[in-house]
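Read through the structure below, which is laid out as structure tokens, and then see the notes.
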Amino acid sequence: MEGFGNAYPSYVPSELVSCSSKGRNVTYHCYLMELEQHYEYQVSVNDIVLAIRSELDSEIVDTLSGTSFDVKRGKLLVNLRHLEPIQLSPEKVQSCRRFQTTLFRILLNRDVTKLTSVSDDFSLGDNPEIDFLLLPATVKHQRPSNSIIDWKPVLSVPFSSESTCDCKDHACNVRIRNDSVCSCKLENCVVYTPHNGSIYIIYTTDGTKKLNGNSTLNQGLKGITTYKEHFKKRHGIELGFEHQSLLHGRNLFKVENYLLKTRQKTEKGKNMSSVDLPPEVCSVIMSPISIGTIYSFSFIPSIMHWLEGLLVAFNLKRMLLDHFTPNDIPISKVLQAITAKGCEEAYDYDYLETLGDSYLKYIVSQQLFKTNQNDREGALSDKRKNIISNDVLFKYGCTRPLPGFIRKDKFDPKQWDVPGDKSNSILLLKQKLDSSRTRVYVRKTREIDLGIIADVVEALIGAFISTEDEKAALSFINWIGINVDTNIMPYENERHISIIAPEELVKAKLLKSRLNYSFKDPYLLVEALTHSSGKRPEIRTCYERLEFLGDAVLDYVITMHFYKEYSNDKFSAEFFTNMRSISVNNECYALSAIKAKLDEHILCDSVVKNNIAQTMEGVKNLSLESTFGWELETYFCQVLADVIESIAGAIFVDSGYKKEVVFQSIKPLLEPLVTPETARRHPISELHELCQKKGYKMKVYPPVRVNGETSVTIEVKTNGITYKNNPPAKASNNDTARKLAAKDVLKQIKICKSLG
1 MEGFGNAYPS YVPSELVSCS SKGRNVTYHC YLMELEQHYE YQVSVNDIVL
51 AIRSELDSEI VDTLSGTSFD VKRGKLLVNL RHLEPIQLSP EKVQSCRRFQ
101 TTLFRILLNR DVTKLTSVSD DFSLGDNPEI DFLLLPATVK HQRPSNSIID
151 WKPVLSVPFS SESTCDCKDH ACNVRIRNDS VCSCKLENCV VYTPHNGSIY
201 IIYTTDGTKK LNGNSTLNQG LKGITTYKEH FKKRHGIELG FEHQSLLHGR
251 NLFKVENYLL KTRQKTEKGK NMSSVDLPPE VCSVIMSPIS IGTIYSFSFI
301 PSIMHWLEGL LVAFNLKRML LDHFTPNDIP ISKVLQAITA KGCEEAYDYD
351 YLETLGDSYL KYIVSQQLFK TNQNDREGAL SDKRKNIISN DVLFKYGCTR
401 PLPGFIRKDK FDPKQWDVPG DKSNSILLLK QKLDSSRTRV YVRKTREIDL
451 GIIADVVEAL IGAFISTEDE KAALSFINWI GINVDTNIMP YENERHISII
501 APEELVKAKL LKSRLNYSFK DPYLLVEALT HSSGKRPEIR TCYERLEFLG
551 DAVLDYVITM HFYKEYSNDK FSAEFFTNMR SISVNNECYA LSAIKAKLDE
601 HILCDSVVKN NIAQTMEGVK NLSLESTFGW ELETYFCQVL ADVIESIAGA
651 IFVDSGYKKE VVFQSIKPLL EPLVTPETAR RHPISELHEL CQKKGYKMKV
701 YPPVRVNGET SVTIEVKTNG ITYKNNPPAK ASNNDTARKL AAKDVLKQIK
751 ICKSLG
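What follows is the structure, given as structure tokens:
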């Protein structure tokens, strides 16, 4: 079993790892990251070259290509294009690793004390380590045919004022802090100013403003002064070269998590803040390097984290392929299935977990129904719980090495592992996965909640179901340890022992038209309509087993209907779950049974008949045009809901376990189905959500049971106002009373808001 206690591994894909190549040239597979900004900004992005030790599978390249990231000002589109491999000497590899480590330390830490030096070792070590290179590409319209990598900034780290300069027209040496350099080295560079401990990007010496130390500086409310006077008064610095042109630049770009589901947008076209600095207060850190290159590298941690996630998903897919052969499930689906809500990314496993949960319940219920034909509903439910509960799914997930693939935390760019940065080096341990060809490395161990592992098991099932590959879903379920199949077995229940023809017990012809289905075995219909109180010598069984099966079948077919109709970017996973809960519930089923007049055909004793009659009296003034919406405000007999499920189970068995036939038959009874326009939350859920969102304090008083009625009171306090249903809501059961109380409080809050 994977993991120790609550500590589970975090996998690093082998594609990002390499071992020592000391003293030998190293081959890197190269990919051009073509960045396209779909927004207006004064700085344009540049392309970046990714050099990696292993060739990426074409599915990885195709999936990453076309990915868009929500950045501050709009969308950033990434395309990945395969280039020719390159061979680099150990010395050149060190230069590349020094370059990217220096740049990312500047962007991520903004601390000059953590910058690299000539003495730092950037060679490949003896142990496995994360190894890929991120290098600036030449500008598109100036790109030579023989080289896409812009080697000049890469090979000039660390900066040296003594490096040769090949420019022809330049000013005499410019005095900088503790040195002097050619002016061309100050046109695209990164500088550090010790007087305020800041790092700046310089992209021109004076621009069009022709400023120097004697130029006027507008300090707003503090008045007007000169740069020279400002530095003396504010920082105690006496400028000695005030006639030198000022350096024009800006603060560093902020590196953020661009994978987040919701991000705060910046006003389009907003000018970036700029700064003008006397050269003599600046120390050069990197030169030459363009502002566009630095801007582009600020997006790289998020892009590479996304690529790492795709590679983790790809390795999981490859491991699964070693055990069974599903259809070509996209790795984007696998990635979604292993991404928990804690990541706060656009796509997590919510949708897929709901699908997987529904299918697992459906297929396990079917298996138990077939193989335990003498068990009653209670025993079947207990056995199902022992197979698909979170505790059990957690154990199945750990038996197979699934926890290591899970992405559960929000990405923090500052915690990103910069390849080549040995100050944050981590020990990677190689691991073979589950007797397959897949190899990964373990980065660390981390705690994962039991529920998340169980959810991922269901989400992976849902990933297969979302591609309409039930065969693969079934193979996965068996692989993790749940033995199920879709073999059809004869139904040998004791219901067959009857001396009365089924037509004498139920009106099969009339029900045929109401159910839009003709039973091959009418005894199944008799069983589906027989309550436990209605059993007698000629009817030896009741609907409970079929109800158990039909409940699972209806849940699955309705869930799949809503998934196919509404699983797109427009609707959230939470909304999809809400649509499902509105339609798959006892109240909806009971009203559907009444609407179809199935109450007239239920075989039961006088007590149940009286309960049904009581329900019919309570709904006589209720419109049954739709059966959802939580409109029922009185008692309803559970038997009415049960028969919808038992009839669904009967049709499922009679049709040869064809779920599509069940949906075609039952759907008309439930119509019109809920739509996004007609969907309404359950009053209790709506009130809870409102209180959480607004910070209201909600209290539900203990229910009081008197003379067969339950009374419930709910109180909500906000901004000195108390909303309370008075008198208490009364109903024959606690659930209905709570619903009525929540409705009353919601109504009060809405009226108060409308009055201002």
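The sequence shown lines up with residues 1 to 756 when you count with full-length UniProt numbering. No residue lacks a Cβ here, since even glycine has one placed at the ideal position from N, Cα and C. A quick note: this is a predicted structure, and the numbers were derived from the prediction, not measured.
Subject >> Separation of S287 from N188, as counted between CA atoms >> reply: Taking the first residue of the sequence shown as position 1, residue 188 is located at position 188. Taking the first residue of the sequence shown as position 1, residue 287 is located at position 287. Spanning the two alpha carbons is a distance of roughly 6 angstroms.
Original post:
Buried or exposed: F324, going by 16 or more other Cβ atoms within 10 Å of its Cβ?
Top reply: Reading the sequence shown from its first residue, position 324 is the one you call residue 324. Flag for F324 reads exposed.
Original post:
What does a CB cutoff of less than 7 angstroms around K743 pick up in its chain, not counting 5 residues either side in sequence?
Top reply: Here residue 743 refers to the residue found at position 743 of the sequence shown. If we look at K743 and ignore the five residues flanking it on each side, its Cβ neighbours are P683.
**OP:** Count the C-beta pairs between the segment 464-472 and the segment 441-454 that are closer than 8 angstroms, then say yes if the count reaches three, no if not.
**Re:** no
**OP:** Could you check the C-alpha separation between D179 and K185 for me, to the nearest Å?
**Re:** If you number the sequence shown from 1, residue 179 lands on position 179. If you number the sequence shown from 1, residue 185 lands on position 185. C-alpha separation (whole angstroms): 13 angstroms.
Original post:
Can you give the beta carbon distance from R53 to Y28, rounded, assuming they're within the 8 angstroms contact cut?
Top reply: Counted from its first residue, the sequence shown places residue 53 at position 53. Counted from its first residue, the sequence shown places residue 28 at position 28. With a Cβ gap of about 6 angstroms, R53 and Y28 count as contacting.
**OP:** Enumerate in chain order the residues of its own chain whose CB-to-CB distance from I647 is below 6 angstroms, with the five nearest sequence positions on each side excluded.
**Re:** Translated into positions along the sequence shown, residue 647 becomes position 647. A528.
Subject >> Segments of 4+ residues assigned as alpha helix (DSSP H) that fall wholly inside the UniProt domain "RNase III" (336-469) >> reply: 350-371, 377-388, 390-399 and 450-466
Original post:
According to the neighbour-count rule (16 or more other Cβ atoms, all chains shown, within 10 Å of its Cβ), is T101 buried or exposed?
Top reply: Counting from 1 along the sequence shown, the entry for residue 101 is found at position 101. Result: buried.
Original post:
Considering only C-alpha positions, which residue in the set I48, E544 and F411 is nearest to E377?
Top reply: Your numbering for residue 377 matches position 377 in the sequence shown. Per the Cα distances, E544.
Original post:
Under the DSSP definition of a beta bridge, which residues are partnered with I721?
Top reply: Sequence index remark: in the sequence shown, residue 721 carries index 721 (1-based). I721 is bridged to T718.
Original post:
In the structure shown, what three-state DSSP assignment does T486 receive?
Top reply: Locating residue 486 in the sequence shown gives position 486, where the first residue counts as 1. Note: T486 maps to coil in three-state DSSP.
**OP:** Within the UniProt domain "PAZ" (170-286), note down every full alpha helix (DSSP H) run reaching 4 residues or more, in order along the chain.
**Re:** 227-235
**OP:** Could you tell me the boundaries of the beta strand (DSSP E) in which S711 lies?
**Re:** In the sequence shown, the residue the question calls residue 711 occupies position 711. First-last of the beta strand (DSSP E) with S711: E709 to V712.
Subject >> Expected contact under 8 angstroms - CB spacing of V78 and L88 to nearest Å >> reply: Taking the first residue of the sequence shown as position 1, residue 78 is located at position 78. Taking the first residue of the sequence shown as position 1, residue 88 is located at position 88. V78 to L88, Cβ: 24 angstroms. No contact.
**OP:** List the whole-angstrom C-beta distance separating G550 from E671, where the pair is believed to meet the contact cut-off of C-beta under 8 angstroms.
**Re:** Reading the sequence shown from its first residue, position 550 is the one you call residue 550. Reading the sequence shown from its first residue, position 671 is the one you call residue 671. Not really, about 18 angstroms apart at Cβ, beyond 8 angstroms.
Subject >> Among P502, L277 and T710, nearest to V526 - alpha-carbon criterion >> reply: Position 526 of the sequence shown holds residue 526. Here the closest residue by C-alpha is P502.
Subject >> Per-residue burial, E617 [other beta carbons within 10 Å of its own, 16 or more giving buried] >> reply: Your numbering for residue 617 matches position 617 in the sequence shown. Exposed: under 16 other Cβ atoms inside 10 Å.
**OP:** Inspect the CB distances between the segment 415-422 and the segment 122-132 and report whether three or more fall short of 8 angstroms.
**Re:** yes
Subject >> Beta-ladder partner(s) of L135, from DSSP >> reply: For the purposes of this step, residue 135 is identified with residue 135 of the sequence shown, where counting begins at 1. L135 is bridged to V49.
Subject >> 8 angstroms Cβ cutoff met for G249 and L217 >> reply: Stepping through the sequence shown from its first residue, residue 249 is reached at position 249. Stepping through the sequence shown from its first residue, residue 217 is reached at position 217. Contact flag unset, no.
Original post:
Does DSSP put S18 in a helix, in a strand, or in coil?
Top reply: Residue 18 sits at position 18 when you count from the first residue of the sequence shown. S18: strand per DSSP, three-state reduction.
Original post:
If we ignore side chains and look at the alpha-carbon of each, how far apart do K210 and L108 end up?
Top reply: Locating residue 210 in the sequence shown gives position 210, where the first residue counts as 1. Locating residue 108 in the sequence shown gives position 108, where the first residue counts as 1. Whole-angstrom Cα-Cα distance: 33 angstroms.
**OP:** Report the residue from S533, R514, R540 and N516 whose alpha carbon sits nearest the alpha carbon of Y523.
**Re:** As a first step, residue 523 must be located in the sequence shown, where it is residue number 523. Checking every option, the nearest Cα to that of Y523 belongs to R540.
Original post:
Among C752, K739 and S711, which residue has its Cα nearest to the Cα of T722?
Top reply: Along the sequence shown, one-based indexing puts residue 722 at 722. Checked all of C752, K739 and S711; the closest Cα to T722 is C752.
Subject >> Three or more C-beta pairs below 8 angstroms linking the segment 389-400 and the segment 475-484 >> reply: yes
**OP:** Identify which residue in Y192, R437 and L252 has its Cα closest to the Cα of S274.
**Re:** For the purposes of this step, residue 274 is identified with residue 274 of the sequence shown, where counting begins at 1. Closest by alpha carbon: L252.
Original post:
What separation, rounded to the nearest whole angstrom, lies between the Cα atoms of T710 and K730?
Top reply: Counted from its first residue, the sequence shown places residue 710 at position 710. Counted from its first residue, the sequence shown places residue 730 at position 730. The straight-line gap from Cα to Cα measures roughly 5 angstroms.
**OP:** Look up K730 in the DSSP assignment and say whether it is helix, strand or coil.
**Re:** What you label residue 730 is simply residue 730 of the sequence shown in a count that begins at 1. Three-state DSSP puts K730 in a strand.
Subject >> T736 versus S358: straight-line alpha-carbon distance, rounded >> reply: To locate residue 736, count along the sequence shown from 1; it is residue 736. To locate residue 358, count along the sequence shown from 1; it is residue 358. Those two C-alpha atoms are separated by around 26 angstroms.
Subject >> Proximity winner among E538, D409 and Y11, relative to residue 808 (alpha-carbon distances) >> reply: Outside the displayed range of the chain (1 to 756) lies residue 808, so it cannot be described from this structure.
Subject >> Simplified DSSP state of P672, which is helix, strand or coil >> reply: The sequence position of residue 672 within the sequence shown is 672, counting from 1. In this structure, P672 counts as coil in the three-state DSSP scheme.
Original post:
Assuming V191 contacts Y203 under a Cβ cut-off of 8 angstroms, what Cβ separation, rounded to an integer in Å, is found between them?
Top reply: For the purposes of this step, residue 191 is taken as residue 191 along the sequence shown, with counting starting at 1. For the purposes of this step, residue 203 is taken as residue 203 along the sequence shown, with counting starting at 1. That belief does not hold up - the Cβ atoms of V191 and Y203 are roughly 11 angstroms apart, past 8 angstroms.
Original post:
What do you get for E458, buried or exposed, if any count of 16 or more other CB atoms within 10 angstroms of its CB means buried?
Top reply: For the purposes of this step, residue 458 is taken as the residue at position 458 of the sequence shown. Buried, by the Cβ-count rule.
Original post:
Using the beta-carbon count (16 or more within 10 Å), is D555 buried or exposed?
Top reply: The count along the sequence shown starts at 1 and reaches residue 555 at position 555. D555 should be labelled buried.
**OP:** Kindly list the residues whose CB is nearer than 7 angstroms to the CB of P703, restricted to its own chain and excluding five residues on each side of it in sequence; keep chain order.
**Re:** Start at 1 with the first residue of the sequence shown, and residue 703 comes out as number 703. Excluding positions up to five away in sequence, the list reads T710, S711, V712, N734 and A737.
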